[in-house]
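Working notes for the structure below.
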Amino acid sequence: MPEPTATADTDQQTSEPRPTNGPVGDAGDPTGRRGRHQSLLMVTGPGRSGTSAVTGALNQLGIHVPPVLVKPNRSNNRGFFETRWVVDFQRKVLEKAHTYEFDADPQAVERMAKADSQRNREQLTNWLRSAVRGHQQVVIKDPRSVWLDDLWAGAADTIGLTISFLTMLRHPAEVVGSRQTYYASTDDERKARDYAISKVAGWINVSLINERQTRGRSRVFLRYTDLLDDWRTALGGIRDRLGLEFNASLDPGTPSPIDDFISPELHRIRTGWDDLGVPEPLRELADEVWAACERLADDGESAELEAVFDALSRRYERLYRDAAAITIDTTASAVSRAVARVTRSLQQQQTRDSAKSPSIGRAVALGRRAARRVRRRIGR
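For the sequence shown, my numbering gives the first residue as 270, with consecutive numbering after it.
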């Protein structure tokens, strides 16, 4: 179900990385890539997980965020560090696939695959080629990129960029609590609970898809709380794991503007499960997905952990199908009523049209055929 997004209606601003004077980071080159290839870092994961904070910090350490950027607003007054072109491009691709940023439907991946096109690939590749020109390291952040990892990887490969992925992790109850606070505040308890349930499901689906889509690629997972507790250690780990170069020392004795940018007050939302009223089966599954993500952050990937994620995906798909089956009559009724409204409107328009345009009659017939296809799809 779509919802207002933090970036939907904001204006644009131009923003370049704020260089910090100082030596290059003091780590070695564990990947052997520095100085050899331009690199593209995709900051990904469910929105409201600390993606803005980590991208802003990387920007201040010299990693280029292509302008023009989305302006800060009430939900994120320190800045989103999202490139406006990227947000608009990815939103259009998702809309064409009838998919949402926090889509809970496991079948959304198939819809996105069908929506892929040569035009999208060429458009992204051409933009990316221009965006990275003159910059050794570039970071792109937009939560929608979870659905387009393959598209980005293909564009990077075409240009000759080394691509890697940084996934920010935040407990699902806090993520959903943050979204409720800034995107869906309501005094209606039933609506609030419905929203929470749908977004917890969305968090599970997006987290599982993100893990699966980035599997086998250069990637790192970082807890939001670890970034807030000690940003130097957290970003040093990212640098070393992904072979990045920073333009400033991470030595604790060296002052940095990031000390003010990343502070404990960023941890404003501390929602727990008891605040959301999420059904126990969904809550248990979310906790298990969260635990698996934490293992990725702590221990890295393994064949055993991949099997855990695959099993969790199968359980979620089953749970989602069961929930859809329970609501099948509600869905069928909504489809029938919507088709009836459109049909009446078209018939009234045809009646008013003295020429009785055949195109309107065809539109009515097409609407009825579409309704039949929907009913077959949902098993009615």
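Note that the Cβ used here is the ideal one computed from N, Cα and C, for glycine as well.
None of these values were measured; they are calculated from a predicted model.
### Query
Are there 16 or more other CB atoms within 10 angstroms of the CB of D372, so buried, or fewer, so exposed?
Of the other Cβ atoms in all chains shown, 16 or more fall within 10 Å of the Cβ of D372; this residue is therefore buried.
### Task
Tell me whether E351 is buried or exposed, calling it buried when 16 or more other Cβ atoms sit within 10 Å of its Cβ.
By the C-beta density criterion, E351 is buried, having at least 16 other C-beta atoms within 10 angstroms.
### Query
What are the boundary residues of the alpha helix (DSSP H) that includes R583?
Per DSSP, R583 belongs to the alpha helix (DSSP H) from A572 to I595.
### Query
Candidates G485, T320, R439 and G446: which alpha carbon is nearest A572's?
Nearest of G485, T320, R439 and G446 to A572, Cα basis: G485.
### Nearest residue (CA-CA) to A517, options T313, G316, V362 and I332
Of the candidates T313, G316, V362 and I332, I332 places its Cα closest to the Cα of A517.
### Query
Does the stretch 536-549 come close enough to the stretch 353-363 that 3 or more CB-CB pairs lie under 8 Å?
The stretch 353-363, when compared against the stretch 536-549, does not touch it at the 8 Å Cβ threshold.
### Query
What residue from G429, K340 and A576 has the CA that sits closest to L309's CA?
Nearest to L309 by alpha-carbon distance, out of G429, K340 and A576, is G429.
#### Entry: Same chain, Cβ closer than 7 Å to G297, five either side skipped, listed in chain order
In this prediction, G297 scores a pLDDT of 39, lower than 50, which makes its location untrustworthy; no coordinate-derived value is stated.
### Query
When the Cα atoms are used, what is the spatial distance from L504 to V337?
Taking the straight line from one Cα to the other gives about 25 Å.
### Span separating the alpha-carbon of D568 from that of V378
Cα-Cα distance, rounded: 27 Å.
### Cutoff 8 Å; reference P521; Cβ partners in own chain excluding five residues on either side
Setting aside the 5 residues that flank it on each side, P521 is surrounded in the same chain by R501, each with a C-beta closer than 8 Å to its C-beta; the list follows chain order.
### Query
Can you check whether the CB of T427 is closer than 8 Å to the CB of H306?
Taking 8 Å as the Cβ cut-off, H306 and T427 do not qualify as a contacting pair.
### Query
Looking at the unbroken alpha helix (DSSP H) that takes in I538, where does it start and where does it end?
I538 -> no alpha helix (DSSP H), and no H or E assigned at all.
#### Entry: A592 versus A400 - alpha carbon distance
Roughly 43 Å separates the two Cα atoms.
### Query
Between the C-alpha atoms of D418 and T620, what's the straight-line distance to the nearest angstrom?
Within the model, the alpha-carbon separation for D418 versus T620 is close to 49 Å.
### Query
In the stretch 336-421, which residue ranges form an unbroken beta strand (DSSP E) of at least 3 residues, counting only runs that do not cross its ends?
Runs found: 406-410.
### Message
Just verifying my parser: in three-state terms, what is the DSSP assignment at I507?
### Response
DSSP places I507 in helix when its eight states are reduced to three.
#### Entry: Cβ neighbours of G423 in the same chain (closer than 7 Å, five flanking residues each side left out)
The answer, listed in chain order, is R390.
### Query
Tell me the DSSP bridge mates of H440?
In the DSSP assignment, H440 is bridged to no other residue.
### Query
Just checking my contact of G316 with F530 at CB under 8 Å: how many whole Å lie between their CB atoms?
19 Å between Cβ atoms; not a contact.
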